[in-house]
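J.:
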Amino acid sequence: MPPPRSKKRPVQRLRQKLRGLHPRHELVRFVHKLKGLLHAVFVHAHATHDSSTDQKPASATPADAEPDARDARYALHHHRESPLPPPRQTPPGYQSIRCVTPSEHEEGLHDDPPPGVPYQQYFPFRSYEDLRAAEEHRYSIREQQAIEELREARRRASSGLSYQRALGNGCQDFIVKDFIETLSDTAVPVSRRSGNPARQVAFDPKPLIRTFEHALLRLGTLSEDLELQENELAGSVRRAEAQHAQKNESLGIKLEESIEQFNRLDNSLNGGISDSVDSESGGNVAVRIGERLEELDRQRQRAQDAKFLIQCWMEVSERGDLSSLEDVRRLGGGDGKVRCAHIARQLLRLSHRLDPDYGQVNVPRTNGVDGANGQNGAPAKKHNTREIIEKFLEMLEKDLLKQFDDFYRRQNFEGMRECAAALRDFNDGASVMGLFVNQHQFFIDRSQLVTEEVAGDGETWDRLADPDAEPPGVEPSLQSLVDEVRLVVQEESFIIKKAFPYADEVLIRFLQRVFQQSIQARLEMVLDKANSISSLAFLRSLQAARSYIGSLVDDLKSHGLTEHPEPVTSHVAAMLDQQLEDLFIPYLLGSSYIEREKKNLEELYSSLLFKFTVYQSKRRKIATSYLGSLSQRGRELFASAKDAYMERLGSSDISTSQRSMMLQLAGLKEADSDKEIEVSEEDGQLSLPNAKRMLKWLAEGVGRGLELGGGNETPKDVQAMLGLLLSHVGEIYLETALDAAAELATSQENVKNNPPDISYLYSLRTAIGILHLLQMSINTVLLPLAAPSLITRREIEKTTNATITNLENKISTILQKTIDVCLSWAAKLLQGQKKQDFRPRDEDLVSLGAETPTCLATTRFLDKVATQATATLSQPALGLFLSECALGLRSQLLDHFRRFTVSLTGGLVVSKDATKYAELVRGWPTSGSSSSDASGKRGSTDSNKRNAGSSGGGFEKNGMDILVEVANLFVIGPEALRERLRGVNGAEREALRSFVRNREDASSVGVQAVLAGL
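Quick note on numbering: the UniProt record's numbering labels position 73 of the sequence shown as 73, and the sequence is numbered without any gaps.
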């Protein structure tokens, strides 16, 4: 029994694969090869059967059949073809068949049909019914055959030997030999495959024949099915291509028709006359028709509005109510409210025109009836239309405001927008804008905080009032308010944009309220608090507030507010700038700001220079009468500065904190302000750090002025601050210190017994440094700011140059006086030279190896002067100072050597002194060379009168070597002297002649001969 069928999927897949094969597939070619193999196997099997029956017994060994099996495998392997079998013979007991029908051929009804396929006898048909019955019988047989085939396929598929599986594999990797072997193995009985020789029987080719015939039949059927399917598919493709071509042709025709229609329509719209006889047809006509229709629609709308307006006027004038208008207000929605407000306004104007005097009896004639309504003869009742309409408008406005407020609380932006549009006709929306702004939670919350006092820790306010500390920034409460305003305005602008059709006007009203009520109130409180601290605290607070609020305005502009993310409109931007300017205009208007800056700088400068002025005033009180006559103006200046400062400290306008700050800057204590101020010498000296502090305060004020009030008034403000700077730093500070140094230098000219004291040169170095900083600050900071005004710039340059020149002249005068004092003392030391120093006796020869005492004293003094000058002065002032000293010393020494008679031995002493002087000057840091050297070499005596500041150059290192050469004139013999003086002409000859005449042997024949040669 075959196994029960479970599923038909393997057989169905096999059939689908076979049907999908192309007729030229390798499987089809295999069918033709299989025909030859089947004939070969059939012939070989019959031959083997006949030989085994006739010649060999039934018990033949399997080895005897091996050659036949090898021959069969050889025939299968080499595809040898055998002759066709003889015609089919009718089996015994069956009726002879006259013909073989196609159905019998397809069913494979051979001599030995396959198992399960019955042999069908042939009967002649007598009628059509017999034919139908026979066909039905054949169909049932074919169906039974298919069922048996499926069962056999399932059986073979379960055993793994199905030829359908072989065919399925052959579609991929088909090998004929393997396929034949698989079919052969399925047909060989199990007993023959077991390999047991004892149980083997004679070879039976019938199973192989049945299997191969059945496979060949199925392969042929599949080939026919594939060919039929290919033909059907090819026919379908041809029909589809023809249909596609026909469809494309029809679509092309339709497309051409559409293009042609479009061109005609385009020409018609452009006013062309190609498709129309009338030249007025086309697009122009369509445009005119559209404009006419729009005009008619507007006229119709105006007519309807006029009709409704007349109807409402009749109602209010005759019945005293506005029921139609009430219906519009109730049922019209947002647009109805807007229309209702507009019509009510028109009715009010009609009332003013048609009913000006309500109290006067006015009975007009109507339809020929005097004062009657035409119905019952009763007089017409007169209503106060103006009062009725105004009450209606008032009620409508209140109703809309109430609805707007309700929508606002529920965040219904559409309802808010409708109410705002309707309220636009009521005072241009002022009521709804006022309602929105006044009831905003920000103003309700901030109204309680504005009244609070300005807090803050004392350290922050102290830093704000300290001129040397960095400003702490904006006041915390003002900063918090500005930050909250930034967030609230950005959030509220979104609501305004969605709730108002005129959003810019509402936004402007809201921003004006924020700036004018909240920010301005808090700003005034902060500035009042800062002003009570000090002037500097006020100015710094003003600057910080201006900067922070300015950043708020810039942020709002960049955010866009109702235009977010785009920048704000020009109208809103102009309003923000105006609000910012209005906040600070009271503090920056006119000259109020610059006066505050000048007042602040005066307080700071006066406090810092207070002890300096006190010291200088005390020093001037004990000065000589000569110096007192020269410094009368300075005394008055100091007295006025001191009195003004003390008066400022005692003023009731000044706060306690500002008084403490001023005393701290002055280096005083609270108890010192009421008694005599004690000062030291250090308080009267110049201080470079103090000068830097004053310039820093000025730079801060200039920068603050540019940030707060920069504009056309900047050059004048700069000029005012420059005057303050030159007055305090230039006159009170530098000029006073230089006058004191000049007085000390002059006082040293009258010293008789002690060397002059030039310690005042230490203050001179500081003065030069401060002067350099002052000049650099003016040229760098102030002059560029005065560039817009040419006249102001010239005045500033003129004032600055005059002050700088004056101070430089004072410095030059001090240096020249110092040079004169030093040279005067050096001349006094040289006067102590003894005549015997250059004409030593024999007992004094032992001391010839050392310089003279006068030379030692002079070089010691000049070395001290050079040391102090090097420590106090800097280049180029130091180089010029020492150059002038060297020139004066050289001139004095040349004159000094002319006054003495020098012996031959004394010439050695002169050489020692001259070498000592030359070494001293060679160690000085002089600079350059000048024409003064040449005149010094020629023995000019007026070089010591030159001004240190007017010298054209410096003094060379070897400028004192002329002294050594002069000393050599006293040592060398007559012949060498003649060679030395040869070629000398002019003034130099006279100078050398004077030195030669001072030789002790000048009266000798050799020296006289040399002099005669000159």
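Even glycine gets a Cβ: it sits at the ideal position worked out from N, Cα and C.
What residue range does the alpha helix (DSSP H) around Q520 cover?
T.: Position 520 of the sequence shown, counted from the first residue, corresponds to residue 520. It spans Q520 to I533 - the alpha helix (DSSP H) in which Q520 sits, taken as one unbroken run.
J.: Can you tell me the Cα-Cα spacing of D863 and D1001, whole angstroms?
T.: Counting from 1 along the sequence shown, the entry for residue 863 is found at position 863. Counting from 1 along the sequence shown, the entry for residue 1001 is found at position 1001. The alpha-carbon atoms of D863 and D1001 are separated by roughly 35 Å.
J.: Mind the definition here: the segment 557–565 touches the segment 599–613 only if three or more C-beta pairs lie below 8 Å; say whether that holds.
T.: No: the two stretches stay apart, fewer than three of their Cβ pairs being nearer than 8 Å.
J.: Exposed or buried, Q516, counting other C-beta atoms within 10 Å across all chains shown (16 or more means buried)?
T.: Working through the sequence shown from its first residue, we reach residue 516 at position 516. Q516 should be labelled exposed.
J.: Answer yes if the segment 540–551 comes into contact with the segment 493–503, meaning at least three C-beta pairs across the two stretches below 8 Å, and no otherwise.
T.: Segments in contact, no.
J.: Please name the residue, chosen from I677, L873 and N806, that lies closest to I768 on a Cα-to-Cα basis.
T.: Start at 1 with the first residue of the sequence shown, and residue 768 comes out as number 768. Among I677, L873 and N806, the Cα nearest to that of I768 is on L873.
J.: Could you tell me which residues DSSP puts in a beta bridge with R300?
T.: Residue mapping note: residue 300 aligns to position 300 of the sequence shown, counting from 1. For R300, which the question treats as bridged, DSSP gives no partner whatsoever.
J.: Within the chosen definition, does the segment 503–515 reach the segment 576–583 through at least 3 CB pairs nearer than 8 Å?
T.: Judged by Cβ distances under 8 Å, the segment 503–515 makes contact with the segment 576–583, as three or more pairs qualify.
J.: Along the chain, where does the alpha helix (DSSP H) containing F955 start, and where does it finish?
T.: Position 955 of the sequence shown holds residue 955. Looking at the DSSP string, F955 is not in any alpha helix (DSSP H), and its letter there is neither H nor E.
J.: Would you mind reading off the limits of the alpha helix (DSSP H) that contains D739?
T.: Taking the sequence shown and counting its residues from 1, the one referred to as residue 739 is at position 739. T736 to S747 is the extent of the alpha helix (DSSP H) around D739.
J.: Per DSSP, which one or two residues make a beta bridge with T999?
T.: Residue mapping note: residue 999 aligns to position 999 of the sequence shown, counting from 1. The residue asked about is misnamed: residue 999 is Arg in this sequence, not Thr. V902, per the DSSP bridge assignment.
J.: State the Cα-Cα distance for the pair G832 and R841, rounded to the nearest angstrom.
T.: As a first step, residue 832 must be located in the sequence shown, where it is residue number 832. As a first step, residue 841 must be located in the sequence shown, where it is residue number 841. Cα to Cα, the separation comes out at about 19 Å.
J.: Are the segment 805–821 and the segment 758–766 touching by the rule of at least three beta carbon pairs closer than 8 Å?
T.: A contact exists between the segment 805–821 and the segment 758–766.
J.: For R424, count neighbouring C-beta atoms within 10 Å of its own C-beta (all shown protein chains included) and say buried if the count is 16 or more, exposed if not.
T.: Numbered from 1 along the sequence shown, position 424 holds the residue referred to as residue 424. Result: buried.
J.: Given that a residue counts as buried once 16 or more other Cβ atoms are within 10 Å of its Cβ, and exposed if not, what is T858?
T.: Here residue 858 refers to the residue found at position 858 when the sequence shown is read from its first residue. Buried: at least 16 other Cβ atoms inside 10 Å.
J.: Three or more C-beta pairs under 8 Å: does that hold for the segment 793–800 against the segment 887–907?
T.: No, because fewer than three Cβ pairs between the segment 793–800 and the segment 887–907 fall closer than 8 Å, the two stretches do not touch.
J.: Tell me the DSSP secondary structure of F203 in three-state form.
T.: Locating residue 203 in the sequence shown gives position 203, counting from the first residue. F203 falls in the coil class under three-state DSSP.
J.: Return the first residue and the last residue of the alpha helix (DSSP H) that residue 1020 is part of.
T.: For the chain, the structure presents residues 1 to 1014; residue 1020 sits outside this window and is missing.
J.: Apart from the five residues just before and just after V526, which ones in its own chain have a Cβ nearer than 8 Å to its Cβ?
T.: Locating residue 526 in the sequence shown gives position 526, counting from the first residue. So the list reads V454, E475, S477, L478, S541 and A545, once near-sequence residues are dropped.
J.: Considering only C-alpha positions, which residue in the set N712, I444 and Y733 is nearest to L790?
T.: Within the sequence shown, residue 790 is the residue found at index 790, counting from 1. When only C-alpha atoms are compared, the closest one is N712.
J.: I677 by DSSP, collapsed to three states: which one?
T.: In the sequence shown, residue 677 corresponds to position 677, counting from 1. I677 falls in the coil class under three-state DSSP.
J.: Sort K810, E260 and L882 by Cα distance to I819 and report the nearest one.
T.: The sequence position of residue 819 within the sequence shown is 819, counting from 1. I819 has its Cα closest to that of L882, out of K810, E260 and L882.
J.: Give me the Cβ distance between I508 and M575, rounded to the nearest whole Å; I'm assuming they're in contact under 8 Å.
T.: Taking the sequence shown and counting its residues from 1, one reaches residue 508 at position 508. Taking the sequence shown and counting its residues from 1, one reaches residue 575 at position 575. Sure, about 5 Å apart at Cβ, within 8 Å.
J.: Under the three-state reduction of DSSP, which class applies to N690: helix, strand or coil?
T.: On the sequence shown, residue 690 is found 690 positions in, with the first residue counted as 1. Looking at N690 - three-state DSSP - the assignment turns out to be helix.
J.: Considering only the alpha carbon of each residue, which of L688, R298 and S268 lies closest to V287?
T.: Within the sequence shown, residue 287 is the residue found at index 287, counting from 1. The shortest Cα separation from V287 among L688, R298 and S268 belongs to S268.
J.: What residue from T905, P925 and A826 has the CA that sits closest to R890's CA?
T.: As a position in the sequence shown, residue 890 is number 890, starting the count at 1. If we check each option's Cα against that of R890, A826 comes out closest.
J.: For S274, does the three-state DSSP call read helix, strand or coil?
T.: Position 274 of the sequence shown, counted from the start, is the residue given in the question as residue 274. Caution is warranted here: a pLDDT of 47 is assigned to S274, below 50, making its placement in the model unreliable, and the coordinate value is therefore given only provisionally. S274 falls in the coil class under three-state DSSP.
J.: Could you say which of L744, T714, N753 and A745 lies nearest to L782 if we only look at CA atoms?
T.: Sequence index remark: in the sequence shown, residue 782 carries index 782 (1-based). Selected option, being the one with the closest Cα: T714.
J.: Is L878 closer than 9 Å to T854 when the C-beta atoms are compared?
T.: Here residue 854 refers to the residue found at position 854 of the sequence shown. Here residue 878 refers to the residue found at position 878 of the sequence shown. Contact flag unset, no.
J.: For D457 and E418, I'd like the C-alpha separation in whole angstroms.
T.: The residue you call residue 457 lines up with position 457 of the sequence shown. The residue you call residue 418 lines up with position 418 of the sequence shown. Cα to Cα, D457 sits roughly 51 Å from E418.
J.: Compute the distance between the beta-carbons of L773 and L695, then report whether it is under 9 Å.
T.: Indexing the sequence shown from 1 puts residue 773 at position 773. Indexing the sequence shown from 1 puts residue 695 at position 695. Yes.
J.: Out of curiosity, what's the CA-to-CA distance linking G377 and F413?
T.: Indexing the sequence shown from 1 puts residue 377 at position 377. Indexing the sequence shown from 1 puts residue 413 at position 413. Low local confidence applies: a pLDDT of 44 at G377 is under 50, so the model's placement there is unreliable, with the coordinate-based value given in what follows. The alpha-carbon atoms of G377 and F413 are separated by roughly 55 Å.
J.: Using CA atoms only, rank isn't needed, just tell me which of V437, V176 and S687 is closest to Y408.
T.: Residue numbering aside, residue 408 sits at position 408 when the sequence shown is read from its first letter. The option with the nearest alpha carbon to Y408 is V437.
J.: Tell me whether the beta-carbon of D405 lies closer than 9 Å to the beta-carbon of T385.
T.: Translated into positions along the sequence shown, residue 405 becomes position 405. Translated into positions along the sequence shown, residue 385 becomes position 385. The answer is no: Cβ separation not under 9 Å.
J.: Going by the beta-carbon positions, is the gap between C312 and L296 smaller than 9 Å?
T.: Along the sequence shown, read from residue 1 onward, the residue named residue 312 stands at position 312. Along the sequence shown, read from residue 1 onward, the residue named residue 296 stands at position 296. Their beta carbons are not under 9 Å apart, which means C312 does not touch L296 by this criterion.
J.: Indicate whether A1009 and R978 have their beta-carbon atoms separated by less than 9 Å.
T.: Working through the sequence shown from its first residue, we reach residue 1009 at position 1009. Working through the sequence shown from its first residue, we reach residue 978 at position 978. Their beta carbons are under 9 Å apart, which means A1009 touches R978 by this criterion.
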